[in-house]
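According to UniProt numbering, the sequence shown is numbered sequentially starting from 3.
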Amino acid sequence: NVYQATTSAPVNIACIKYWGKRNESLILPTNSSLSVTLSQDNLRSTTTARADPSFTTDRLWLNGKEDIIKPGGRLHTCITEMKRLRAEFEAANPDQPKIASFNVHICSFNNFPTAAGLASSASGFAALVYALSRLYVLPHSPEDLSLIARRGSGSACRSLFGGFVAWDMGSDDATGSDSKARQVAPESHWPEMEALICVVNDAKKGTSSTSGMQRTVVTSALLQHRISEVVPSRMAEIERAIADKRFGDFAEITMRDSNQFHAVALDTYPPIFYMNDVSRAIIAIITEYNRLSEQPKAAYTYDAGPNAVIYALTPNVREIAQLVLYYFPQAEKVFIGGKEVEAALPEGFNEAVAKRWEVGAVKGLIHTRVGDGPRVLSDR
Ligand code: DP6
């Protein structure tokens, strides 16, 4: 008998940022967060997990290279937790094969280069947990599985769902049983939601999320203000904006929250800079673009690196891509709806808000949309 499953899982990009842990080992956040799941047609992690009595140890390969599973580390925790769920399942279903004690081999690939600077831990841990849940034929919901993906990387818990996803911080500090993901709306609710990822060139390796947020929690007074006074109302407001499909409000909250996250990084001591001059130029360009209409038509957001993710609705995406290409004419070609995007400035746009950049400042644009949750590719 072969016990094996292959799944894929999506990337998610937060509109309300997770930044700070109240419990490091359980990965419990200091605030709730909310993200958009991006389509796996463009960006995904694909993972195969196999259990076999002949395996002498658990092993994992990431993009073809073996990764050591450190005892007590995050990978180890996720695999151990999934084996525990299988053992419980076997105890309750004595007719099921006894495979919980077998070692597993796990093989995972990202279809996007790590060099693109896109975080892969969220899709990677979501795909790993989901592959093991299929291998073990577990009855658990995505919400249950998000509790385990969270132990791999906090943001990974949100990749267990498609569409618009909240991670509720929870209040159970002893076990973290209520710190899990929840779908706010499926991808079908607002299929016009699209994203343009501006892949910004960046040579140096910055501060990791894990160590960066650790330092923020210890040193930033602004983080305390954010946690208690800002995020709770923002979570409620953005959920309502999504429910009512009010893009202008969704965009303003998203941009304000990205700004505050980077302000908190700067308030950390010593300070942390994730955005660079190119990131800031893109903010200036989007701000000028939004000035032209009554309501914002584009929302930028930045994670722990210089890449911009721009959310926009279908009718405006081409115009925004044209605008970005105008300032970064050396970026690789991009196609939208099968048609190449040509650089252009919208009517009335003040060109002087940014300079036109030299070769390589933006490598290219990735055009994608809101997408579904993890997929089963094979199950046997
Ligand atoms: C800026 O989930 O990578 O992308 O839990 O330590 O693995 P760990 O951190 P991680 O942090 C993500 C931070 C962020 C914001 C977000 O995705 O909400």
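Backbone N, C-alpha and C fix where the C-beta goes; we use that ideal spot for every residue, glycine too.
Looking only at its own chain, which residues have a Cβ that is under 7 angstroms from the Cβ of residue i, when we skip the five neighbours before and after it?
i    : result
D204 : G119, N278, G307, P308
V266 : W21, T218, S222, L224, L225, R228
Measuring alpha carbon to alpha carbon, tell me which residue in the options is nearest residue i.
i    : options                : result
F114 : I108, S148, N65        : N65
L134 : Y313, L294, E83        : E83
A102 : F91, N292, Y313, E68   : F91
P317 : P193, R382, S173       : P193
I255 : V266, R236, L268, F263 : R236
N44  : A243, I338, I71        : I338
R153 : T303, V139, L130       : L130
F163 : P141, P188, D174, M171 : P188
P272 : I244, Q216, I81        : Q216
V59  : I81, R46, Y313         : The amino acid at residue 59 is misidentified as Val; the sequence shows Thr. When each option's Cα is compared against that of T59, the closest is I81.
S251 : G156, P298, D174       : Contrary to the premise, residue 251 reads as Asp rather than Ser in this sequence. Ranking the options by Cα distance to D251, first place goes to P298.
M257 : L268, T289, I274       : T289
How big is the Cα-Cα spacing for residue i and residue j?
i    : j    : result
I150 : D246 : 31 angstroms
R371 : S56  : 42 angstroms
G208 : S281 : 14 angstroms
A197 : E231 : 29 angstroms
E334 : T270 : 35 angstroms
V311 : G373 : 15 angstroms
K67  : A128 : 19 angstroms
L225 : S34  : 13 angstroms
V336 : P141 : 42 angstroms
Flag this pair as yes or no: are the beta carbons of residue i and residue j separated by less than 7 angstroms?
i    : j    : result
L367 : C200 : yes
P376 : Y132 : yes
L137 : A238 : no
A346 : Y329 : no
A300 : I285 : no
R184 : N14  : no
E241 : K182 : no
L325 : V343 : no
S190 : S155 : no
Quick one: residues in its chain with C-beta nearer than 6 angstroms to the C-beta of residue i, no 5 flanking neighbours on either side, listed in chain order?
i    : result
S380 : T8
T48  : S10, F111
Q332 : V361
Please confirm if residue i has its CB atom under 7 angstroms from at least one CB of chain D.
i   : result
G74 : Judged by its chain identifiers, the structure shown contains no chain D, having just a single protein chain.
For the ligand MN, I want to know if residue i counts as a neighbour, meaning its beta carbon is within less than 6 angstroms of at least one of the ligand's heavy atoms.
i   : result
I29 : Absence of the ligand MN is noted for the structure shown, with the ligand DP6 being the only ligands found.
query = Between the segment 19-33 and the segment 212-219, are three or more C-beta pairs nearer than 8 angstroms?
reply = Segments in contact, yes.
contact_flag[the segment 36-44, the segment 163-173] where n(CB pairs < 8 angstroms) is 3 or more = Counting Cβ pairs under 8 angstroms, three or more are found: they touch.
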